[in-house]
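Right, one structure below, let's go through it.
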DNA sequence: CACGTTATTGCAAATCACTTGCAGCTGTCA
DNA sequence: TGACAGCTGCAAGTGATTTGCAATAACGTG
Ligand SMILES: [Mn+2]
Ligand SMILES: [Mn+2]
Ligand SMILES: [Zn+2]
Ligand SMILES: [Zn+2]
């Protein structure tokens, strides 16, 4: 919890520098995101936050997500279903594997693939700015797990 | 052109097997896609097709794209801008690099990255079914091109 | 080739996620 | 505490895509 509080405090300073205000709503939404361990969409965030403040509106969630994203406090993802899903940016870069049967989102990170993407872009004459990598897979029966393809 | 015609004919058989019909509209849209060398969205396809048949409607394009996708005749992509973009599936697998300044979409394919993705999924206990890989980059000044990162 | 069945189409209306105008509310800072 | 500008809730607006419906066109059959 202390971590969450620290992040909220730090973010408040960031906002102030941008001439923006730390409102109750932003504080609440930020807390919901800091406590989330999944990738909720606007409606999901709204539902969780609404439980703490029944006067909150969905438009405020949308507007806040935009502010948070601009400030670099969160990341937005758009998986196959199309809707925007968010997660706190206070973690190192990673990509996602989506279980096509359950919809579960699994995080992973691979230096090798990051490097490979950079190299591919470079070979095409580009500097890689960002990327989107999503794997869609199906759980293998147990015992099939291993590194040989 | 013969290639296009052959594909359309082959696709007609495919449709028939599914109890579907090869209509003028589908034939036209399929031709537009076969002749496209970019990644047009529904409206773009509509515009091109409309030039050949001014009675065509946009909803038919949308419905047709769904049929074509289900039949595996085309692929649908949703890059960052959100709208669905399509391309003929009659080509080998590749991924895309988007120039963030011009919006230009560049195709590339890399066995190494395909293999790496498969391995990552496997290590997480998953069989990779499909994936989405998009690189967003900025053109490097000429002379900077090379394979050493 | 004409016919009947049923998939398909054009059009308008409906969805859906997200955005925005507006009037009242609330941080901030002096 | 007071003024000012940023924020918020609410309702209406967007833009892409979908869908209900009646008219139309495919396609197998006779
Ligand atoms: Mn994540
Ligand atoms: Mn392509
Ligand atoms: Zn990555
Ligand atoms: Zn690929």
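Chains as they are written, first to last, in my numbering: chain A, 631 to 779; chain B, 631 to 779.
For glycine and all other residues, C-beta sits at the position ideal for the given N, C-alpha and C.
1) For the pair the stretch 667 to 674 of chain B and the stretch 755 to 765 of chain A, tell me if three or more CB-CB distances fall below 8 Å.
2) Straight-line CA distance for residue 728/B to residue 719/B?
3) Please report the distance separating the alpha-carbon of residue 644/A from that of residue 697/A.
4) Does chain A have any CB closer than 7 Å to the CB of residue 735/B?
5) Could you check what DSSP says for residue 754/B in three-state terms: helix, strand or coil?
6) With residue 662/B as the anchor, note down where its alpha helix (DSSP H) starts and where it stops.
7) Let me confirm a value: residue 775/A is counted as buried when at least 16 other C-beta atoms fall within 10 Å, else exposed. Which label applies?
8) Could you compute how far the alpha carbon of residue 675/A sits from the alpha carbon of residue 699/A?
9) Give the straight-line distance between the Cα atoms of residue 745/B and residue 660/B, rounded to the nearest whole angstrom.
10) Kindly indicate which three-state DSSP category residue 743/A falls into: helix, strand or coil?
11) I need the DSSP call for residue 648/A, collapsed to helix, strand or coil.
12) If you draw a straight line from the C-alpha of residue 662/B to the C-alpha of residue 713/A, how long is it?
13) Starting from residue 689/B, follow the alpha helix (DSSP H) in both directions and report where the run begins and ends.
Short version:
1) no
2) 19 Å
3) 11 Å
4) no
5) coil
6) 654 to 665
7) Residue placement at residue 775/A is flagged as unreliable, the pLDDT there being 46, under the threshold of 50; the coordinate-derived value follows with that caveat. Classification for residue 775/A: exposed.
8) 14 Å
9) 32 Å
10) helix
11) coil
12) 29 Å
13) 688 to 700
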